[in-house]
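Here's the structure we're looking at; comments come further down.
Number of protein chains: 2
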Amino acid sequence: MSEVKPAAPSPSPLSKQRLRLWLRLLRATRTTEAELRERLRKGHDSTLPRFDVLATLNRYPGGLRMSELSTHLKVSNGNVTGIVERLVAEGLAERASVEGDRRAHRVRLTETGRARFARMAAEHEAWIDSIFADLDEAELDTMIGLLGRIGQEGQQ
Amino acid sequence: MSEVKPAAPSPSPLSKQRLRLWLRLLRATRTTEAELRERLRKGHDSTLPRFDVLATLNRYPGGLRMSELSTHLKVSNGNVTGIVERLVAEGLAERASVEGDRRAHRVRLTETGRARFARMAAEHEAWIDSIFADLDEAELDTMIGLLGRIGQEGQQ
DNA sequence: GCTTAAAACTTTATGCTTGAAATTTATGCC
DNA sequence: GGCATAAATTTCAAGCATAAAGTTTTAAGC
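Chains as they are written, first to last, in my numbering: chain D, 79 to 234; chain A, 79 to 234.
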């Protein structure tokens with residue numbers, strides 16, 4: 079009988095911790111993104127979305143359909159259209175028509191694009207290394223495991 | 079003598095883990111943002127950036143200068159201009175001129191804005207609760223601690 | 001063969017975001 | 001006072017992002 083139910087639904091400490099976690103998550107991600115964005119801009123006159131598309135295309139030498147690309151990147155269809163447009167204009171990617179289905183397009187890297195991405199990726203890895211240098215192996219594993227339980231499919 | 083040093087500088091496992099962490103971080107944040115964005119849109123016909131501005135203004139009843147607002151939110155000056163413009167158009171915020179400095183503006187919530195934010199914030203907390211429901215208190219603490227070491231000032 | 005539905009994209013409208021340039025106001029120095 | 005410089009904002013151009021609507025092509029039923 080020592081427990082008294084509060085009249086107002088005061089926020090549970092757990093609830094406060096969850097909010098705090100969300101804010102930290104947001105800050106860490108935004109800071110990192112800002113860092114990467116600036117380095118890509120200054121060093122390669124490029125952007126994060128473009129890098130993401132290049133990285134995905136690089137994993138599929140045969141190319142990808144626009145819809146596959148947007149699925150992989152988890153962005154909207156219309157979004158991919160614009161980014162690919164710019165990559166094509168820069169000569170880093172090219173579109174081919176798909177045999178037997180004239181609705182679809184297949185996008186893939188050009189040789190220039192492949193070479194350019196290789197350089198960007200090498201630097202990118204070094205940037206990530208420096209940004210996360212503080213964490214040791216056990217901490218990395220812990221965090222990877224916990225983050226894996228956020229934003230899964232089963233989340234509804 | 080069973081170890082052979084590879085000729086190419088193969089990426090260290092630590093480096094791979096760091097990259098993996100970054101990708102997980104990004105996924106968790108984007109998934110959560112997408113969830114919040116959609117709920118704000120459907121439930122309040124609003125957006126995350128607007129919510130962020132409202133939340134900040136709510137903490138400072140006396141109002142804030144545009145520059146203070148952009149510092150708090152860590153976004154560019156020009157960005158804040160547009161968001162505040164829309165909030166003012168919606169009647170949720172208002173601008174007052176600053177005594178003694180005609181360059182500056184002070185932005186604060188209207189009564190309508192304060193009431194609207196209160197409703198949004200209550201729901202927002204519930205959304206966060208549901209999104210992070212999987213993690214127990216110890217896990218929350220662990221993650222908050224580790225995230226606190228990413229993206230700090232001292233990062234250079 | 002014709003109709004209808006579905007699929008693969010693109011287009012459009014709107015908003016967020018940045019970085020850079022422009023504008024207006026304030027401050028310091030001679 | 002007059003002028004350079006700095007500060008507080010806004011404006012602008014470009015790019016990214018979504019949702020919704022539109023286009024063309026393919027597939028399915030009958």
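All C-beta atoms in this analysis are idealised placements derived from N, C-alpha and C, irrespective of residue type, glycine included.
Is it a yes or a no for the region 122-137 of chain A touching the region 96-107 of chain A, going by three-plus beta-carbon pairs under 8 Å? A contact is defined here as three or more CB-CB pairs under 8 Å, and the region 122-137 of chain A fails this definition with respect to the region 96-107 of chain A.
Taking contact to mean 3 or more Cβ pairs, one atom from each stretch, closer than 8 Å, check whether the region 164-173 of chain A and the region 204-215 of chain A are in contact. Contact between the region 164-173 of chain A and the region 204-215 of chain A is absent, because fewer than three Cβ pairs lie under 8 Å.
Whole angstroms are fine: how far does the CA of residue 109 of chain A sit from the CA of residue 229 of chain D? The straight-line gap separating the alpha-carbon atoms of residue 229 of chain D and residue 109 of chain A is approximately 5 Å.
Quick one: measure Cβ to Cβ for residue 147 of chain A and residue 176 of chain A, integer angstroms, because I've assumed they're closer than 8 Å. Going by Cβ atoms, the distance from residue 147 of chain A to residue 176 of chain A rounds to 13 Å, so no, they are not a contact pair.
Opposing strand residues paired with residue 122 of chain D [DSSP bridges]: DSSP lists no beta-bridge partner residue for residue 122 of chain D.
Nearest chain A C-beta to residue 161 of chain D closer than 8 Å, yes or no? The beta carbon of residue 161 of chain D does not come within 8 Å of any beta carbon belonging to chain A, so the residue lies off that interface.
For residue 119 of chain D, is the beta carbon positioned less than 7 Å from some heavy atom of the ligand SAH? Although the ligand SAH was asked about, the structure shown includes no ligands whatsoever.
Against residue 218 of chain D, what residues of chain A qualify as contacts under a CB-to-CB distance less than 7 Å, listed in chain order? Those are 95, 96, 99, listed as they occur along chain A.
Which of the three DSSP states, helix, strand or coil, is assigned to residue 79 of chain D? Confidence is the limiting factor: at residue 79 of chain D the pLDDT is only 49, short of 50, which leaves the residue's position unreliable and the question unanswerable from this model.
Look up residue 154 of chain A in the DSSP assignment and say whether it is helix, strand or coil. Coil, per DSSP.
Pairwise C-alpha distance: residue 157 of chain D and residue 164 of chain D: Cα-Cα distance, rounded: 11 Å.
With distance defined between alpha-carbon atoms, name the residue in A:202, A:152, A:225, A:222 nearest to residue 111 of chain A. Residue A:202 is the option with its Cα nearest to residue 111 of chain A.
Tell me whether residue 214 of chain D sits in a helix, a strand or coil according to DSSP, three-state version. Coil.
Counting only Cβ pairs nearer than 7 Å, list the residues of chain A close to residue 102 of chain D. Taking a Cβ-Cβ threshold of 7 Å, the residues of chain A close to residue 102 of chain D are 222, 225, 226, in chain order.
Span separating the alpha-carbon of residue 153 of chain D from that of residue 179 of chain A: In this structure, the CA atom of residue 153 of chain D is about 44 Å from the CA atom of residue 179 of chain A.
Note down the Cα distance separating residue 222 of chain A from residue 174 of chain D, rounded to an integer number of angstroms. The C-alpha of residue 222 of chain A lies about 47 Å from the C-alpha of residue 174 of chain D.
Report the rounded CA-to-CA distance for residue 227 of chain D versus residue 205 of chain D, giving the unit in angstroms. So the alpha carbons of these two residues sit roughly 26 Å apart.
Using a cut-off of 7 Å between C-beta atoms, extract the partners of residue 92 of chain A located in chain D. What residue 92 of chain A touches in chain D: 215.
So with CB distances below 7 Å, who are the chain A contacts of residue 105 of chain D? Contact note: residue 105 of chain D reaches chain A through 229, using a C-beta cutoff of 7 Å and chain order.
Under the DSSP definition of a beta bridge, which residues are partnered with residue 145 of chain A? For residue 145 of chain A, which the question treats as bridged, DSSP gives no partner whatsoever.
According to DSSP, simplified to helix, strand and coil, what is residue 227 of chain D? The answer is coil: DSSP assigns residue 227 of chain D none of H, G, I, E or B.
Since residue 208 of chain A is in the alpha helix (DSSP H), which residue starts that stretch and which ends it? First-last of the alpha helix (DSSP H) with residue 208 of chain A: 189-209.
Proximity to residue 90 of chain A [Cα-Cα], best of D:220, D:140, D:120, D:200: It is D:200 whose Cα lies nearest to the Cα of residue 90 of chain A.
Assign residue 124 of chain A to one of two classes, buried (16 or more other C-beta atoms within 10 Å of its C-beta) or exposed (fewer than that). The residue is buried, with at least 16 neighbouring Cβ atoms inside 10 Å.
Counting only C-beta atoms, is residue 210 of chain A closer than 8 Å to chain D at any point? Chain D contact via Cβ: present.
C-beta atoms of residue 145 of chain A and residue 207 of chain D nearer than 8 Å: Taking 8 Å as the Cβ cut-off, residue 145 of chain A and residue 207 of chain D do not qualify as a contacting pair.
Could you give the distance in angstroms between the alpha-carbon of residue 192 of chain A and the alpha-carbon of residue 149 of chain A? Here the alpha carbon of residue 192 of chain A sits roughly 21 Å from the alpha carbon of residue 149 of chain A.
Does the Cβ-Cβ distance between residue 103 of chain D and residue 115 of chain D come in under 8 Å? Not closer than 8 Å, so no.
Terminal residues of the continuous beta strand (DSSP E) containing residue 168 of chain A? DSSP places residue 168 of chain A outside any beta strand (DSSP E), giving it a letter other than H or E.
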